[in-house]
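These notes concern the structure reproduced below.
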Amino acid sequence: MKTTVKTFLLTLTLAACLAPAAGANIGVGTSLPGARLQVAGGDAYVSTVGNGLILRSPNGNCFRMTVSNAGTLGSAAVACP
């Protein structure tokens, strides 16, 4: 059996990838995101152990949310990005 692999190259400017327009929402799986970052039709996955979701508290401090092997959620204070 013969397999043919076709490669398509999509070129984007680096600036457009790293810095969307001020106030713009970014959608993954949706063309009309309703939040600054919206993931539709799937999960957001953080694959690097020790990384997680960084949230800012009402007083301005930031915390990284992580999960242990047992599924316990943890938080640690981190510098705000």
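Using the working numbering, read the sequence shown as starting at 1071 and increasing by one per residue.
Note that the Cβ used here is the ideal one computed from N, Cα and C, for glycine as well.
Query - Which residues DSSP lists as bridging A1146, in chain order - result: By one-based count along the sequence shown, residue 1146 stands at place 76. According to DSSP, A1146 bridges with R1134.
Query raised in the report: Start and end of the beta strand (DSSP E) containing V1116?
Result: To locate residue 1116, count along the sequence shown from 1; it is residue 46. No beta strand (DSSP E) holds V1116; DSSP gives it neither H nor E.
Requested in this report: For my contact list, G1099 and V1109 are in at a C-beta cut-off of 8 Å; report their separation, rounded to the angstrom.
Outcome: Here the question's residue 1099 lines up with position 29 in the sequence shown. Here the question's residue 1109 lines up with position 39 in the sequence shown. Yes, G1099 and V1109 are in contact; Cβ-Cβ is about 6 Å, under 8 Å.
Query - For R1106, three-class secondary structure by DSSP - result: Locating residue 1106 in the sequence shown gives position 36, where the first residue counts as 1. If DSSP states are grouped into helix, strand and coil, R1106 belongs with coil.
Query raised in the report: In whole angstroms, what is the alpha-carbon distance linking S1117 and I1124?
Result: Here residue 1117 refers to the residue found at position 47 of the sequence shown. Here residue 1124 refers to the residue found at position 54 of the sequence shown. Their Cα atoms are separated by approximately 15 Å.
Query raised in the report: In whole angstroms, what is the alpha-carbon distance linking C1132 and A1114?
Result: Reading the sequence shown from its first residue, position 62 is the one you call residue 1132. Reading the sequence shown from its first residue, position 44 is the one you call residue 1114. Approximately 20 Å, taken between the alpha carbons.
Requested in this report: Would you tell me roughly how many angstroms separate the C-alpha atoms of L1143 and V1137, rounded to the nearest one?
Outcome: Taking the first residue of the sequence shown as position 1, residue 1143 is located at position 73. Taking the first residue of the sequence shown as position 1, residue 1137 is located at position 67. Using only the alpha carbons, I get a separation of about 5 Å.
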